[in-house]
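Encoded as structure tokens, the structure appears first; notes follow it.
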DNA sequence: TTTTGTAAAAATATCTACATTTTATAATTT
DNA sequence: AAATTATAAAATGTAGATATTTTTACAAAA
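Protein chains in written order, with the working numbering: chain A, -11 to 217; chain B, -11 to 217.
Below you can see the structure in the form of structure tokens.
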């Protein structure tokens, strides 16, 4: 959406595919990423595959040790807390700027995406519902943040979102299974909109920070139940 | 310093060398990066070279268009302003956290690096002096930021520093040629230390923001004199 | 003459296949 | 068991093949 030029070489295709496979859990944290297996899975040579892996290393989704190959980056409660804290601070700061700088157009975008989000219906397929809710939820928060007016801050936000994605995925499943949790989120979003429209930038900042920090205990519980330190 | 494992494969060596060549101006913004030339310059095959280029693309120092190769990322006044603004916001936020969270050890680190910075002497070689001052200046600001206690925020800070580096380089040369500008910076640093030690996190945040924004007009002037939009 | 279009040629980017180097595993000896 | 050597597996690199883009040469039209 924001990329001006198409990038259709094999390295890029592999990058996109592997990134999705990691965030969606097809590869588990800590898994060794064997070149032979990757080559076969993505039907590609070693060169382009290394290129894709390198990019994921810069994004912290993959770790590399020279001459010893690549692994899916580990997950931990400590990292979860740090990522969510940094992300909450960043998003709160961006929100404050958005309230100060955002115009009528921005307000309209926020209201519109909030409405779309509130209209997600329970449907037959739970996984499909989850995908739709997640997309609209992301669009809502993106609409809020976009008012900050800084492309670079939006880029930083994107990198944090990428790093949080595996943890967010855990939280998401918990959400859709619990109608109560979903109700609670909807209420938070309503409060968020109120304070955004009120123009009180400081209050908006504070509320956004809390909103972003809320999932932490839930995710910690899930990780603990899986025996992760 | 923060990297746990050595990475001595050719792709990494080329990555480091090319990154330095770009930030130090051996390649100019917009320059085409021909594979044939790069292979010769860094004495390396196309595979590892592409790997290095890919990483620099994620860091926004290089741009890529599929099937059309790589270029040094362009520089512009608009980008300068956005990078410096985002960086100032981030650094100000981190400073506020550092004041709130930093302990005695943090304070000692700030004082120590500030002292070292203040003792840079004018020496024979101006370029050498510039390098020393820059290193100590970076160490001083790093010491301040490190008090925030978040590895992820420190990573974000690093990425912004990398993106600002080419613009900072312009500002640096201006500084050492003007004793007056240098004096003024020293004064700013003194004020910064005072407010950091006072424990007033809000005031520290505000002052850091201003400190980080100050170079913008100087760099704009330099870019304009070079005919950059 | 200038412009525009076209096709061949050259330059360039990209990829694969194989060669080399390094690490991991198994077997053997002390 | 510990150390050593042999073997297998894996990572990394190069060279050359293939595909794409850019340049050039030239012709037709304005």
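Even for Gly, the Cβ is constructed at its ideal location relative to N, Cα and C.
Using a Cβ-Cβ cut-off of 9 Å, residue -3/A counts as an interface residue toward chain B, since at least one Cβ of chain B sits closer than that to its own. In the structure shown, residue 29/B falls within a helical segment according to DSSP collapsed to helix, strand and coil.
According to the DSSP assignment, residue 15/B belongs to no alpha helix (DSSP H), since it is labelled neither H nor E. With fewer than 16 other beta carbons inside 10 angstroms of its own, residue 22/B counts as exposed. Counting other Cβ atoms within 10 Å of its Cβ, residue 98/B reaches 16 or more and is therefore classed as buried. Per DSSP, the beta-bridge partners of residue 52/A are 58/A. In the structure shown, residue 216/A falls within a coil segment according to DSSP collapsed to helix, strand and coil. Look at residue 6/A here: in three-state DSSP terms it is helix. Among the residues facing chain B, residue 77/A is included, as its CB has a counterpart in that chain under 9 Å away. The shortest C-alpha to C-alpha distance from residue 1/A to any of 188/A, 30/A, 203/A, 68/A is the one to 30/A. Residues of chain B with a Cβ closer than 8 Å to the Cβ of residue 70/A are, in chain order, 138, 139, 140.
For residue 113/B, no alpha helix (DSSP H) encloses it, and the DSSP letter there is neither H nor E. In this structure, residue 151/B keeps its C-beta atom at 9 Å or more from the C-beta atom of residue 59/B. Taking 9 Å as the Cβ-Cβ cut-off, the region 180 to 198 of chain B has no residue approaching chain A. In the three-state reduction of the DSSP assignment, residue 144/B falls in the helix class. In this structure, residue 89/A sits near residue 135/A, with a CB-CB distance shorter than 9 Å.
Between the alpha carbons of residue 81/B and residue 193/B lies a gap of roughly 6 Å.
Shown here, residue 22/A sits in coil according to DSSP, grouped into three states, outside any helix or strand. Of the candidates 12/B, 6/B, 3/B, the residue whose Cα lies closest to the Cα of residue 160/B is 12/B. In chain A, no part has a C-beta under 7 Å from the C-beta of residue 153/B; the shortest such distance is about 14 Å.
Segment contact: the region 98 to 107 of chain B against the region 122 to 131 of chain B, three or more CB-CB distances shorter than 8 Å; contact assigned. With a cutoff of 9 Å on beta-carbon distance, residue 189/A and residue 38/B are scored as not near each other. Under a criterion of Cβ atoms nearer than 7 Å, no residue of chain A is adjacent to residue 58/B; the nearest Cβ is some 12 Å distant.
Fewer than three pairs of CB atoms, one per stretch, sit closer than 8 Å, so the region 35 to 55 of chain B makes no contact with the region 110 to 129 of chain A.
If you check the CB distance, residue 40/A and residue 3/A come in under 9 Å.
In this structure, the beta-carbon distance from residue 43/A to residue 43/B falls below 9 Å. Taking C-beta atoms under 8 Å as the contact rule, residue 170/A and residue 164/A qualify, at a distance of about 7 Å.
For residue 179/B, the three-state secondary structure derived from DSSP is helix.
The residues 30, in chain order, have a CB closer than 7 Å to that of residue 5/A in the same chain once the five nearest residues on each side in sequence are set aside.
Taking C-alpha positions only, residue 167/A is separated from residue 119/A by approximately 16 Å. Taking C-alpha positions only, residue 199/A is separated from residue 178/A by approximately 11 Å. At a beta-carbon threshold of 9 Å, none of the residues of chain B lie near residue 217/A; the nearest stands roughly 16 Å away.
Judged by DSSP in its simplified three-state form, residue 0/A adopts helix. Rounded to whole angstroms, residue 108/A and residue 116/A show a C-alpha spacing of 11 Å.
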